[in-house]
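Position 24 of the sequence shown, counting from 1, maps to 26 under the working numbering, and the rest follow consecutively. Think of the CB as a built atom: it goes at the ideal place given N, C-alpha and C, for glycine as much as any other residue. Keep in mind that this is a model prediction, so the values were computed, not measured.
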Amino acid sequence: MKELSRAEKLAVERHRGQLSQERGCEVTEDEALCDWMANHSAKWRQERHARMLAMEREEILRHKWIESEKGNRDVGAEAVFDWIRKYAALWRKWFEDEYDGHEA
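What follows is the structure in structure tokens.
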């Protein structure tokens with residue numbers, strides 16, 4: 003099995019806490035991981051991917067608005083491609099490495 007991402011590890015740890023509370027006893031990391039993989043990981047990954055796409059779209063639209071304001075015109079797709087060239091890789095790395103879906 004591939005190594006879990008930081009976000010997946012956090013999700014498994016939260017799941018472990020929930021399982022422990024539901025069962026009224028401490029659940030091991032392995033038990034929580036097995037249950038999460040069997041019953042929750044696919045939905046979690048699908049929802050995370052959808053959240054990532056929505057957040058990315060917001061960032062692109064924000065960039066488009068800023069660039070349009072600077073240029074005093076609607077820059078349209080030009081700004082979209084600009085964001086992709088300049089920021090997409092870094093933003094996705096941030097999302098994968100840092101964003102856990104539980105903002106403070």
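| N74 in three-state terms, based on DSSP | In the three-state DSSP reduction, N74 falls in the coil class, being neither helix nor strand.
| request: From the DSSP output, in three-state form, read off S7 for me. | output: Coil at S7, not helix or strand.
| request: Examine the Cβ distances between the region 57–71 and the region 84–96 and report whether three or more of them are shorter than 8 Å. | output: Yes: at least three Cβ pairs fall under 8 Å.
| query | If we call anything under 8 Å between Cβ atoms a contact, is A13 one with Y101? | reply | The beta carbons of A13 and Y101 sit no closer together than 8 Å.
| request: Consult DSSP for Y101 and reduce its assignment to one of helix, strand or coil. | output: Correct three-state label for Y101: coil.
| Simplified DSSP assignment, three categories, for C27 | C27 sits in coil when the DSSP states are folded into three classes, being neither helix nor strand.
| task | For L2, count neighbouring Cβ atoms within 10 angstroms of its own Cβ and tell me buried if that reaches 16, exposed if not. | result | No answer is possible for residue 2: it lies beyond the span of the chain, which begins at 3 and ends at 106.
| In or out: W38 buried (at least 16 other Cβ within 10 Å) or exposed? | Burial call: buried.
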